[in-house]
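Chains as they are written, first to last, in my numbering: chain A, 68 to 311; chain B, 1403 to 1556.
Every residue, glycine too, gets a C-beta built ideally from N, C-alpha and C.
Worksheet: one structure, shown below.
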Amino acid sequence: MVRLSIANLCMSYWDRYVYRQMTKGRRRIWKGELTGWVEPKPPKNWSYTEHRPWSTSEQDKNIPGKRNRKVFVEPIKQWWLFPGDFVEIMAGKDKGKRGTVRTIVKERNWCYVEGLNCTYRYEQMIPDMPPMLIKTEIPLLVTEHVKLLDPSDDEPVGMEWRYNDEGEHVRVSLRTGQIIPLPHGFYRLEDGVNPNTYVEQKKDTKEKELTAITFKPKLMTFEEDLMEQMGIKEDRKRGKTYWY
Amino acid sequence: MTMAGCVKLCRRYLSTSKSLLGRKTRVPYDVRFPTTGKHVNQFTKGGNKKYPQEYAKKQTELGLGVHDLGYSVGYKKRRYKIIPEMVPEFIVPDLKDFKLKPYVSYKVTDVVQSELTSKNLFDACIGRQIIEDFKTGKLDTDAILPKSVEEKQE
């Protein structure tokens, strides 16, 4: 339960939602007259997974009172990998195989490639019944284990962000200088919506109504404006007040 | 006459002032701090079973809970009597022909609006009228423009 505080007012709606999800189960505490109410904070080492912080499976790993280990992550200034990218795996069991990136976990530099780099586990071990085999993907480190492909060579290559003649930010392969095209996942916002393919609903305000200016500046206070609109007339004079 | 050894005298001090002088005494409780249940419960001196509930802050004071709508009445059959004047009435404006909806679509570009200053208000309300008067020739410049020192002396 995160109320309006100065820090929260500056956050966007989506960030506030995620913060609220990460502080679920933690209530604000009354710390006495001097401090007052103290809002809950997310735990120190939140363990991030492919199921994002608003999912119950990730929240179960971060119950209040549970202390997770700190994970050391190489900071990436500008992300170059997006969902939908075609990549080649450079390490592990499926070394040399190619696939599309399914999801990305920026907090841990992970990427999940569809159907590759998997483990198998048995479930529902009932006697006299054949067991169920489940295949799950293991995440790969974006910095080391995965590489983009050059469009001309069709070989794994390192990339760089550069500006082209039109002034657009593009991904360029270091070996040949070819521009690697951006996938659909690049245009996706943090909440998973692609604004280009979004279909406007009944309860959405459109740009025309939103940007229409209906404010008329007047030289009177808010209260006087209301009184004029509602037809309230005040003939009484205010009583004298004194300052000492 | 010599003493066998020096004996340190034990001195006890008395305070006759009314103020606490920085000492946190709780007899029965320190007036500087708010009283809570731990000071007035049945196990403390001068406490009672009913006092903690009386000294506790109401939920509405802490910004939680719902205000009372009435009071409970009766001895054999206890019922809650609602007073209609205590039921809150919400005054909501008429939303007929109101075009804004609760949500904003993703396709809208960001709206950036600068602060409304007093200069903007002046320009919008009075400034326009002044410009029109000046163009038509009705503006009385002698009354508005500031006078120089020489003109004032005249």
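C-beta atoms of residue i and residue j nearer than 8 Å
{"i": "C185 of chain A", "j": "L148 of chain A", "result": "no"}
{"i": "K128 of chain A", "j": "S114 of chain A", "result": "yes"}
{"i": "R259 of chain A", "j": "G151 of chain A", "result": "The identity of residue 259 of chain A in the sequence shown is Gly, whereas the question assumes Arg. No, they are not a contact pair."}
{"i": "D217 of chain A", "j": "L183 of chain A", "result": "no"}
{"i": "L286 of chain A", "j": "L1523 of chain B", "result": "yes"}
{"i": "I171 of chain A", "j": "Y187 of chain A", "result": "no"}
{"i": "E125 of chain A", "j": "R119 of chain A", "result": "yes"}
{"i": "P262 of chain A", "j": "K1509 of chain B", "result": "yes"}
{"i": "L1361 of chain B", "j": "I1493 of chain B", "result": "The question about residue 1361 of chain B has no answer here: the residues shown for chain B are numbered 1403 through 1556."}
{"i": "E222 of chain A", "j": "L241 of chain A", "result": "no"}
{"i": "M157 of chain A", "j": "V213 of chain A", "result": "yes"}
{"i": "T123 of chain A", "j": "N176 of chain A", "result": "no"}
{"i": "D271 of chain A", "j": "Y1505 of chain B", "result": "yes"}
{"i": "K273 of chain A", "j": "E267 of chain A", "result": "yes"}
{"i": "D220 of chain A", "j": "T203 of chain A", "result": "no"}
{"i": "V154 of chain A", "j": "L215 of chain A", "result": "yes"}
{"i": "R93 of chain A", "j": "P131 of chain A", "result": "yes"}
{"i": "M196 of chain A", "j": "Y189 of chain A", "result": "no"}
{"i": "K1483 of chain B", "j": "V1475 of chain B", "result": "yes"}
{"i": "L208 of chain A", "j": "V180 of chain A", "result": "no"}
{"i": "Q1461 of chain B", "j": "K1451 of chain B", "result": "no"}
{"i": "V1442 of chain B", "j": "Y1457 of chain B", "result": "yes"}
{"i": "T278 of chain A", "j": "V1514 of chain B", "result": "no"}
{"i": "R255 of chain A", "j": "V239 of chain A", "result": "no"}
{"i": "P109 of chain A", "j": "M78 of chain A", "result": "no"}
{"i": "E100 of chain A", "j": "P1454 of chain B", "result": "no"}
Beta-ladder partner(s) of residue i, from DSSP
{"i": "S1474 of chain B", "result": "B:Y1482"}
{"i": "Y179 of chain A", "result": "A:T170"}
{"i": "C77 of chain A", "result": "Answer is none; C77 of chain A lacks a bridge partner."}
{"i": "M199 of chain A", "result": "A:E190"}
{"i": "I96 of chain A", "result": "A:V105"}
{"i": "P223 of chain A", "result": "A:L216"}
{"i": "L208 of chain A", "result": "A:W177"}
{"i": "Y1505 of chain B", "result": "A:D271"}
{"i": "Y1527 of chain B", "result": "The sequence given here places Cys at residue 1527 of chain B; Tyr does not occur at that position. According to DSSP, which records beta bridges pairwise, C1527 of chain B is partnered with nothing at all."}
{"i": "R165 of chain A", "result": "A:E155"}
{"i": "I247 of chain A", "result": "A:R238"}
Residue i, enclosing alpha helix (DSSP H) - first and last residue
{"i": "H1441 of chain B", "result": "G1439 to V1442"}
{"i": "K1537 of chain B", "result": "R1530 to T1538"}
{"i": "E291 of chain A", "result": "F289 to M297"}
{"i": "E233 of chain A", "result": "Neither: E233 of chain A is in no alpha helix (DSSP H) and is coded neither H nor E."}
{"i": "E301 of chain A", "result": "No alpha helix (DSSP H) contains E301 of chain A, which DSSP labels as neither H nor E."}
{"i": "E274 of chain A", "result": "E274 to T278"}
{"i": "E1456 of chain B", "result": "Y1453 to Y1457"}
{"i": "T123 of chain A", "result": "T123 to D127"}
Neighbouring residues, chain A, relative to residue i (Cβ below 7 Å)
{"i": "K1557 of chain B", "result": "What the structure shows of chain B is the stretch from 1403 to 1556, and residue 1557 of chain B is not part of that stretch, so it cannot be assessed."}
{"i": "K1503 of chain B", "result": "K270, D271 and T272"}
Run of the beta strand (DSSP E) containing residue i, from where it starts to where it stops
{"i": "K214 of chain A", "result": "V213 to L216"}
{"i": "S240 of chain A", "result": "H236 to S240"}
{"i": "F1524 of chain B", "result": "Element bounds for F1524 of chain B: not the beta strand (DSSP E) but the alpha helix (DSSP H), S1520 to F1524."}
{"i": "E1491 of chain B", "result": "Premise fails: E1491 of chain B is in no beta strand (DSSP E) and is neither H nor E."}
{"i": "E155 of chain A", "result": "F153 to I156"}
Check: residue i C-beta below 7 Å from any heavy atom of the ligand FAD
{"i": "I171 of chain A", "result": "The model depicted lacks the ligand FAD and carries no ligand whatsoever."}
Interface residues of chain B facing residue i [CB-CB closer than 8 Å]
{"i": "P284 of chain A", "result": "L1518, N1522, L1523, A1526 and C1527"}
{"i": "L293 of chain A", "result": "Near L293 of chain A there are no residues of chain B at all, since even the closest Cβ is about 11 Å away, more than 8 Å."}
{"i": "Y265 of chain A", "result": "S1507, Y1508 and K1509"}
{"i": "L277 of chain A", "result": "L1502, V1506, V1510 and V1513"}
Chain A residues whose Cβ lies nearer than 9 Å to that of residue i
{"i": "P1436 of chain B", "result": "G99 and E100"}
Interface residues of chain B facing residue i [CB-CB closer than 7 Å]
{"i": "P262 of chain A", "result": "Y1508 and K1509"}
Against chain A, which members of the region 1517-1535 of chain B pass a CB distance test of less than 7 Å? Listed in sequence order: L1523, A1526 and C1527.
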